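Asker:
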Amino acid sequence: MKISKKDVEDIAHLARLKVDESLVGKYAEQISDILKYIDKLKDVDISGAELVSDASFNINVLRADDPVKSGGPAVTLVNAPERIDDFFQVPNTIKPN
Amino acid sequence: MDLQKLTIHELSKLLQDTELTSEEITELYLKRIEKHDKEIGAYITVDREYALKQAQSADKMIAKGKAFPLTGVPVAVKDLLCTKGVRTTCGSKILGDFVPEYDATIISLLKNQGAVIIGKTNLDEFAMGSSTENSSFHLTKNPWNKEHVPGGSSGGSAAAVAAGFCVGALGTDTGGSIRQPASHCGVVGLKPTYGRVSRFGLVSYASSLDQIGPITKDVKDAAIILNCIAGSDIKDSTSIDVKVSDYMAGFDEFEKTGLKGMRAGVPKEYLSVKGIDPDVEKVFFESKKRLEDLGVEIVEISLPHTEYVVAAYYIIAPCEASSNLARFDGVRYGHRSKDSDELVDMYKNTKYEGFGEEVKRRIIIGTYALSAGYYDAYYGRASKVRSLIMNDFTQAFKEVDIIISPVAPTPAFKMGENIDDPLSMYLSDIFTLSANMASVPGLSVPAGFSSKGLPIGLQMMASRFDEKSLLKAGYGFEKSVLTEATDSTEIVDRFCKL
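Note that the protein sequences, when read in sequence, are chains A and B.
Taking the numbering used here, the leading residue of the first sequence gets 52, the next gets one more, and so forth.
Taking the numbering used here, the leading residue of the second sequence gets 745, the next gets one more, and so forth.
(1) So what does DSSP say about Ile984 (chain B), is it helix, strand or coil?
(2) Under the DSSP definition of a beta bridge, which residues are partnered with Arg1007 (chain B)?
(3) If we cut at 8 Å on Cβ distances, does Lys1092 (chain B) have a partner in chain A?
(4) Is any beta-carbon of chain A found at less than 8 Å from that of Val1129 (chain B)?
(5) Looking at the structure shown, is Tyr846 (chain B) part of a helix, part of a strand, or coil, going by DSSP?
(6) Helix, strand or coil: how does DSSP classify Met1205 (chain B) here?
(7) What would DSSP say about Ile851 (chain B), mapped onto helix, strand or coil?
(8) For chain A, check one thing: does any of its Cβ atoms lie closer than 8 Å to the Cβ of Tyr1119 (chain B)?
(9) Does any C-beta atom of chain A lie closer than 8 Å to the C-beta of Leu1087 (chain B)?
(10) Looking at chain A, is there any beta carbon in it that lies within less than 8 Å of the beta carbon of Lys1241 (chain B)?
(11) Does the beta carbon of Tyr1014 (chain B) sit closer than 8 Å to a beta carbon anywhere in chain A?
(12) Val932 (chain B) versus chain A: which residues are under 9 Å apart at the beta carbon?
(13) Tell me which residues share the same chain as Asn1135 (chain B) and place their Cβ nearer than 7 Å to its Cβ, disregarding the 5 neighbours each side in the sequence.
(14) Taking DSSP as the reference, what is the three-state secondary structure of His1079 (chain B)?
(15) Helix, strand or coil for His753 (chain B), going by three-state DSSP, please let me know.
(16) Please classify Ile54 (chain A) as buried or exposed, where buried requires at least 16 other C-beta atoms within 10 Å of its C-beta.
(17) Look up Pro813 (chain B) in the DSSP assignment and say whether it is helix, strand or coil.
(18) At 9 Å on the CB atoms, spell out the chain B contacts of Lys146 (chain A), in chain order.
(19) In angstroms, rounded to a whole number, what distance separates the CA positions of Ser901 (chain B) and Gly1218 (chain B)?
(20) Pick helix, strand or coil for Ser1188 (chain B), following the three-state DSSP scheme.
(21) Quick one: which chain A residues come within Cβ less than 9 Å of Ser1066 (chain B)?
(22) Using a Cβ-Cβ distance under 8 Å, would Leu883 (chain B) count as near chain A?
(23) Would you report the Cα separation of Gly912 (chain B) and Lys69 (chain A), rounded to the nearest angstrom?
(24) What does Ala1055 (chain B) reach in chain A if we use C-beta pairs closer than 7 Å?
(25) Kindly list, in the order they appear in chain A, the residues whose Cβ is closer than 7 Å to that of Cys1126 (chain B).
(26) Residues of chain B with CB closer than 8 Å to the CB of Ile85 (chain A), please, in chain order.
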């Protein structure tokens, strides 16, 4: 599988990641090489193989539904880069005119 | 007596016999780090006050007769584990100033035993790498030869143990990140079974593969640390409630009966892997002979899906990473880009400024493989291949008690040698990835040296939750290895500028 520079830019946008323009070509080349290697998975006969979605072997872990005291905003917001009182502050979701 | 060479069990005895105090030994290690770590770069953060305070508490525990095997023992922890009040960077600029509000469960367990956390060690950013060259802070050098890498991603922990900058350490292993640096630095590294140790407070890279384990000077020390950190945890639903053995118990058994009756498998597929260094091959065959001399029956086994392990891993791990790392968006913690007036731009710029090249590469691979139309072809297929790999191991362990192999195809490579060729770097993980993919425990024990004097380890793997047999075999093997090379702490003392 070969991916183009445009693919790298589209995927980076999906991941909300800005990539240096000078690196887009390098990434496209390196990731194409990696995906080409990964294509060997197509040779494996997976008929009848189960999907491993959970390495703890699908054991369901439940706990009693008892209320537990949380640290509250004093703990959860302490590392916020920007905050207003007990709220996280973020830039506008729509660019101001 | 060279105090920096003491193992955990030797130091523990001296502390409990009040031959010296934890404060004295902690001070000795702090001074050693201050003097020599500029040359090695094992640590990202050393908090003198934090360490000495713990040492003083440990001395009080000993005075009250309430000592555990780790009480007063200075240990280093990989900087991927949250420590309350102490900076936890994950080797990334995005968490450069992050100070957690809580301790990882294993940090609490160490503290409960009175262990002294002396510092946080360097790593490849978010544990993505095999050489510690992907750290955003600095390089870590191999204490045996400073032109070479220490391995990775727990390169700082392995180098710290080898250089005598701590008595033991914790690393994490997603695809070999404990075992490979342990092998490259001539120390012992144990990746426990997935679910054996709580991952709560470990910053996730690939959640279905990550596991925490010890890096130590000898096998007995690895058992002492595992005895402290093993067990299920209500805060980690993937930790498994299976009885915790006394991991030291196998050592007495070895003293009585050796390794007679044990069967070790050599996967025939591993021997045909291309690019195995002749020195690695030589050490592996010598190791096989040593085990035979100890009474172990060596048999050839087959792990038929070995050829597909690297490919399946390098889909599963980046997919999980791309999901896990989405949380570093500049909103709740960590770095935030200053020059964005719109939310999506802020996310993009924050990650652009905060993440290094390898992390970005894996996020792109993972996002691509999980995107609409590709999920079944990549993640779905890789997960099915993973179940076939697991099945290979289940079948193999019906015939043998342990599986042996080299840890890495070559001894530690030179700095910069593979940094621009990610695929080559990935392929060098061939022997270690399987244990993570199959969720089985793996151990690296020093086995010999290359012609250039670089350490080479032997990997042993056992069935799920059978760390006891693994450590017993490792202990027996370790006893039979006579290393003629100079101790790495002496090398550090000789070559590092004072």
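Built from N, CA and C at the ideal position, the CB exists for glycine as well.
Computed from a prediction, not measured in an experiment: that's the story for all the values here.
Answerer: Reading it off the structure:
(1) Ile984 (chain B) sits in coil when the DSSP states are folded into three classes, being neither helix nor strand.
(2) For Arg1007 (chain B), which the question treats as bridged, DSSP gives the partners B:Glu1041.
(3) Chain A, which has a Cβ nearer than 8 Å to the Cβ of Lys1092 (chain B), makes this yes.
(4) At a cut-off of 8 Å, the C-beta of Val1129 (chain B) has a neighbouring C-beta in chain A.
(5) If DSSP states are grouped into helix, strand and coil, Tyr846 (chain B) belongs with coil.
(6) Strand, per DSSP.
(7) Helix.
(8) At a cut-off of 8 Å between beta carbons, Tyr1119 (chain B) makes no contact with chain A.
(9) It does; some Cβ of chain A falls within 8 Å.
(10) Any reading at Lys1241 (chain B) is ruled out, since the residue's pLDDT is 42, under 50, leaving its predicted position unreliable.
(11) So no, Tyr1014 (chain B) is outside the interface.
(12) What Val932 (chain B) touches in chain A, judged by beta-carbon distance under 9 Å, is nothing: the nearest beta carbon there is about 25 Å away.
(13) Setting aside the 5 residues that flank it on each side, Asn1135 (chain B) has no residue in the same chain whose C-beta is closer than 7 Å to its C-beta.
(14) His1079 (chain B) falls in the coil class under three-state DSSP.
(15) In the three-state DSSP reduction, His753 (chain B) falls in the helix class (H, G or I).
(16) Under this definition Ile54 (chain A) is a buried residue.
(17) DSSP places Pro813 (chain B) in coil when its eight states are reduced to three.
(18) Residues of chain B passing the Cβ test: Asp1085, Glu1086 and Asp1089.
(19) When rounded, the distance between both Cα atoms is 20 Å.
(20) Strand.
(21) Listed along chain A are Ala66, each with a C-beta nearer than 9 Å to that of Ser1066 (chain B).
(22) Answer no: the Cβ-Cβ gap between Leu883 (chain B) and chain A never drops below 8 Å.
(23) When rounded, the distance between both Cα atoms is 40 Å.
(24) Correct list: Tyr88, Ile89, Lys91 and Leu92.
(25) Per the sequence presented here, residue 1126 (chain B) reads as Ala, with Cys not at that position. What Ala1126 (chain B) touches in chain A: Leu92.
(26) Neighbours of Ile85 (chain A) on chain B, chain order: Tyr1058, Ile1109, Pro1166, Leu1167 and Tyr1170.
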